[in-house]
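**Student:** Mind having a look at this structure? Questions to follow.
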Amino acid sequence: SVPFTSTNTSNWSNNRIRVNIDIYHRSFSALVDTGSVRSYISPVVAEYCKQMGNLPNPAKQEIQAELANGILVNITEEYHIRGQLLLTTVAADFLLMPSLTVDCVLGMDFLTKYNFTIDIGTNQITINPKTDRVYPTSTIESITLPSLCLSEVQQKEIADFIEQEFTAFKEIHGYTNMAEHVIRLKDPTPIKQRYRPRNPAMQKIIDDELERMLADGIVQPSDSPWSSPIVLAEKKDGKRRFCIDFRKLNEVSIKDAYPLPMINDILSRLKEANFFSSIDLKQGYWQIPLSPESRPLTAFTVPKGLFEFVSMPFGLHSAPATFQRLLDKVLGPDMHAKAFAYLDDIIVLGKDYEEHKANLKEVFRRLREAKLKPNPEKCKFFQRTLKYLGHLVGENGIQTDPDKVAAIKEIPTPTNVRALRRFLGIASWYRKFVPRFSAITAPLTKLLKKGMKWNWTDKQEEAFNSLKAKLTEAPVLACPDFTKPFVLQTDASDQGLGAALIQNLEGQDHIISYASRTLTPPEKNYSTTEKECLAIFWGIQKMRQYLEGYHFIVETDHQSLKWLQNLQHPTGRLARWIVALQQFDFEIRYKPGVLNRVADALSRHPIPETNSTEIQAMNDMILCPWYTRKFQEVEQDPDKNSDYCIKDGKLYRHFFDRYDFTEPELADPWKLCIPTSRRSEILQEGHDRPTAGHLGVAKTIARIARHYYWPGMFREIAKYVRQCQICQQHKYSQLRPPGKMQPRPQGGPWHTISTDLIGPLPRSTSGNRYIVVFQDRFTKWIEFQPLRKATAAAVRKALHEKIIVRFGCPRVVISDNGVQYKNREMRKFLKDLGIRQLFSPPYTPQTNPVERANKVIETMIAQFCDNDHKKWDRHLPDFMLAMNTTRHESTGFSPAYLNFGRELEMPKSIFREDQTEEPIPEHEAADIERRSDHLNKLRDVFDFVRINLDRAFSSQKKQYDLRRREWTCHLGDRVMKREHHLSSAVRGFAAKLAPKYSGPYLITKVWSPVVFDLKNEQTGRRFRRIHVKDLKPAH
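Per UniProt numbering, residue 1 is the first one in the sequence shown, and the count goes up by one each step.
Given below as structure tokens:
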């Protein structure tokens, strides 16, 4: 509680209560007014808010405020203000009152929201905000802050910082504005599955959840022909979760192939970090809207009717890809070194305390900008260690996570022959990777001989531990290759669960990660089929960071998963497993138990379940066969391999780079040999980093060859540079533009017309700003008309009045892609008249014949309007006569002659005054003969015009093709598309710095050798009629 100040003002006769409120670090006086419904600010406060970047919003509705003297004042602006009041962070909407004489007025909306208590007797105000904390106090205070590395002051500062940031999320409502989920179907045939009746208890759960989702705007009523069934999945605490079984929908929808982040790249960023925070989004999927056309596909049936999702539901197999794409877009490339998103979490990094806090603040700001709300209960802040993909990142750098091989290392010492056979079953499966395998296992296999008495000695113990160590290091444990499929082997026994993630690398199976755990007492009561299903479900969840977003294979010695997938009406934990597995893309492969030795043995020697979230495996470096063989050869016979040497345990080769013309005495001839697993790192070092500059093939080869060597490196470097996505987006092709001039069939007069708009021009005295131009492709006759507005209706009217009713209905109309020509009304108008509409490719004016005429018209206007630009349209009819009576170079005749069979008389012509009129034949027969001769002559002229047009085309093509090269695309080719950006000073965007190309895209239709339709394989977005000059191959 704090005392308030009482003042006696000239305006009011009685005392009023005032408090101080800090807004953007400046103190203002606020009047507490219980008689005011709303809260207000003065123009002084409003101007200060604008200076601090807080701009007003228009009032949500027409508001009139009545002053004490009865005068009504219109309110037009509303400000959302956050500040400090009585040591409490407050946030509320304030209306701008133009005549307000105090800084602020706190009305009943504010006083009620923050639960003001006013004690008149003691002059005390107490504020107990109902929503002071957006999140529970226990959540904020439960943040773990390592006391060994942070002082008490810092911990207090962090707690206040986190609380302030989370409080700001209170005003975030609705869905994110940066993404929407689209379901693309392979087969559009609707799938309708019937509703299964429930007992009253289960039906109440469904009804309650439906009411909540309707109130929150997550679902809405539907009239869709689709319907998916409801399942009530059992949570771990025994409660039920409302879910939809989208298995049938997933089967007929196209999977989104958006990639997960590159693991090696993320690990390199983690090396420099000392502070880590993980941010989990609150019901993240429901913060993403579904596209309107996708909503009917998610429909489900309940007794109350049919409903569909408005936000992205759980269970769609492409939902994780949409979520990852959204988080990547929110963080942006400029946060690359400061934060990254991987699956459910956003990881924020920092080299020190201040940097980490600044990075966190920026991430929170971007989340608010994207309208995404975090879940404080699952967030962790200012941590000093982070477990990520089989690695433990902390003060000591990046180390192997001990949990990744615990399933093998914690196998107990065998106490009988059966246990020993099981352990040797795992080991022998990978004996080809263990040198001297037979010698190491000799003391163990000795105990398996018939009649041998069991006697476990130090020799057996040493062999047992040595073999376990060999199974948990290279080359048995390998680095994952995300371009190749994963195989997950699972098994369940009466004691526990086992799983092994495997990849076939260079023709051999390598372990990526081991995992096992014991069964809980309730789980031991499961049936055999349920235990096997649990093993698969648990194994996929354990290996989730490797498997999500990729197609993989599940190998099991039981048909359990097929049984689970075909289950018609799942309930309880089975429903939960089905829903959780819907987002994964995998196939099931049966593998007999005798061949499934690794998972089988792990399930029979499980380790106790721990709280670790992932048991992963990935080595920093696996030596390739060439490197291993060469290293051994040099080590055994260095004289025979004189071009190689070993220094500090690394292999070097001696030779001078033929591309390096540095003096030999200044260059180092010994090049470090690079194994397969490290070549991608070297390629990134020599090409991708800012110090490498994304240079071309030759320069990148020269840079890398200066210090490194491996067989086939030049070919591999060239391929890497050509396939570099950033280079493909930012670099122009150094070749001539593709696409030679293509012929068009010649029709007759007014068979094909082309049209375009000129403008906007200065508004003339007649009110015109545009010119619509039409030209016949054969006769070159031109018509144009000034327009006040460039609307579709105006263009359609001009086409009807200038062309159709005077020259007849053309067969083809060619135009650009302006909205005046592509709108629905114009399309319907032309279709009803039987006119075929063709569009020129975007940014390719040379494909529209009328563009050349536009330049002539613009030049004429400029020559005759002088300095009075408001009279540019006064001579337009005269210009039209001039162009139509001039001999055209392509045809050899004037457009007037080809249309009327005669040249038009020019007004006020001296030639006309000197000519006598041609006598009219007196006899009708002579007149008919004269006209017939004239028509025959005109037919010959038309044939001659076609020849002239072909000659003109050949001449133009010869000159045009000198600057072009022959290259075309084919159906299914992948290409990059040229972008035409515009700079914007307001947005701080420079076209010169933007990517020159986007893609890759897939060619889906070939209109001609130079015009194509494209499709983005990831988003499904289509681009129609793109000219080949704006394309280049995608590598």
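Glycine is no exception: its CB is placed at the ideal position from the N, C-alpha and C atoms.
Just the C-alpha distance for A617 and I512, rounded to the nearest angstrom, thanks.
**Tutor:** Bear in mind that a pLDDT of 25 at A617, under 50, signals an unreliable position, so the model cannot answer this.
**Student:** Identify the residues that DSSP records as bridge partners of G498: which are they?
**Tutor:** D491, S516
**Student:** Name the residue from D33, Y821, G759 whose alpha carbon lies nearest to the alpha carbon of F110.
**Tutor:** D33
**Student:** Taking the straight line between their C-alpha atoms, what separation do you get for N768 and L1031?
**Tutor:** 38 Å
**Student:** Evaluate V45 with the Cβ neighbour count: other Cβ atoms within 10 Å of its Cβ, from every protein chain shown; 16 or more gives buried, anything less gives exposed.
**Tutor:** buried
**Student:** Can you name the residues that DSSP bridges to K1032?
**Tutor:** M976
**Student:** Indicate whether S253 and E308 have their beta-carbon atoms separated by less than 8 Å.
**Tutor:** no
**Student:** Between the region 499-516 and the region 526-546, can you find at least three pairs of beta-carbon atoms closer than 8 Å?
**Tutor:** yes
**Student:** Starting from I1026 and walking both ways along the beta strand (DSSP E), at which residues does that stretch end?
**Tutor:** Unbroken beta strand (DSSP E) run through I1026: 1022-1027.
**Student:** For W967, which residues from the same chain have a beta carbon less than 6 Å from its beta carbon, with the 5 sequence-adjacent residues on both sides left out?
**Tutor:** Leaving aside the five residues that flank W967 on each side, the residues in its chain whose CB is nearer than 6 Å to its CB run, in chain order, P738.
**Student:** Helix, strand or coil for residue 1100, going by three-state DSSP, please let me know.
**Tutor:** Residue 1100 falls outside the range modelled here, since the chain spans only 1 to 1035, and no answer is possible.
**Student:** What span of residues does the alpha helix (DSSP H) with I112 cover, start to end?
**Tutor:** The question names Ile, but residue 112 is Thr in the sequence shown. Here the alpha helix (DSSP H) through T112 covers 108-113.
**Student:** Excluding five sequence neighbours on each side, which residues of the same chain lie with their C-beta closer than 6 Å to the C-beta of L898?
**Tutor:** These residues qualify, in order along the chain: T779.
**Student:** Nearest to D216 by CA position, among H934, L497, G174, is which residue?
**Tutor:** Ranked by Cα distance from D216, the first of H934, L497, G174 is G174.
**Student:** Do you know whose CA, among E685, N854, S680, lies nearest I758's CA?
**Tutor:** The residue with the shortest Cα to Cα distance from I758 is N854.
**Student:** Return the chain-ordered list of same chain residues with a C-beta closer than 7 Å to the C-beta of F989, the five sequence neighbours on each side being excluded.
**Tutor:** S983
**Student:** For D639 and W626, I'd like the C-alpha separation in whole angstroms.
**Tutor:** 19 Å
**Student:** Please report the residue range of the beta strand (DSSP E) in which E555 lies.
**Tutor:** 551-556
**Student:** Just the Cα atoms here: how many angstroms apart are S224 and S294?
**Tutor:** 11 Å
**Student:** Does P475 come out as helix, strand or coil in the three-state DSSP assignment?
**Tutor:** In this prediction, P475 scores a pLDDT of 49, lower than 50, which makes its location untrustworthy; the coordinate-derived value is nonetheless stated afterwards. In the structure shown, the three-state DSSP call for P475 is coil.
**Student:** Below 8 Å, can you find three or more Cβ-Cβ pairs linking the region 196-216 to the region 313-322?
**Tutor:** no
**Student:** I believe R827 touches Q820 by the beta-carbon criterion, under 8 Å. Please report the beta-carbon distance rounded to the nearest angstrom.
**Tutor:** Here R827 is actually not in contact with Q820; their C-beta atoms are around 12 Å apart, not less than 8 Å.
**Student:** Would E716 pass as an interface residue toward chain C - the criterion being a Cβ-Cβ separation below 8 Å?
**Tutor:** Reference to chain C is not applicable here, since this structure consists of a single protein chain.
**Student:** On the premise that P485 lies in contact with F552, defined as a C-beta separation below 8 Å, what is that separation, rounded to the nearest angstrom?
**Tutor:** That pair is a contact at about 6 Å.
**Student:** Please classify D208 as buried or exposed, where buried requires at least 16 other C-beta atoms within 10 Å of its C-beta.
**Tutor:** Result: exposed.
**Student:** Out of curiosity, what's the CA-to-CA distance linking Q84 and K357?
**Tutor:** In a straight line, the C-alpha of Q84 is about 21 Å away from that of K357.
**Student:** Of all the beta strand (DSSP E) runs that stay within the bounds of the region 304-344, which reach a length of 3 or more residues?
**Tutor:** Taken in chain order, the whole beta strand (DSSP E) runs of length 3 or more contained in the region 304-344 are 305-309, 339-342.
**Student:** Less than 8 Å separating the beta-carbons of M97 and Y40?
**Tutor:** yes
**Student:** What does a CB cutoff of less than 6 Å around H80 pick up in its chain, not counting 5 residues either side in sequence?
**Tutor:** Here the set comprises D93.
**Student:** Distance, Cα to Cα, C815 vs S278?
**Tutor:** For the record, residue 815 in the displayed sequence is Ser; it is not Cys. Approximately 54 Å, taken between the alpha carbons.
**Student:** On the DSSP bridge assignment, give the partners of A702 in chain order.
**Tutor:** A702 is not bridged to any residue.
**Student:** How would you label E163, buried or exposed, when you count the other beta carbons within 10 angstroms and need 16 or more for buried?
**Tutor:** buried
**Student:** What does DSSP give as the partner residue(s) for P738 in the beta ladder?
**Tutor:** BP columns for P738 point to R965.
**Student:** Cutting at 8 Å between CB atoms, please list the residues of its own chain near R796, excluding the five before and the five after it.
**Tutor:** E825, M826, F829
**Student:** Can you tell me where the alpha helix (DSSP H) with C727 in it begins and where it stops?
**Tutor:** 725-730
**Student:** What is the DSSP secondary structure of E141, counted as helix, strand or coil?
**Tutor:** Low local confidence applies: a pLDDT of 42 at E141 is under 50, so the model's placement there is unreliable, with the coordinate-based value given in what follows. DSSP places E141 in helix when its eight states are reduced to three.
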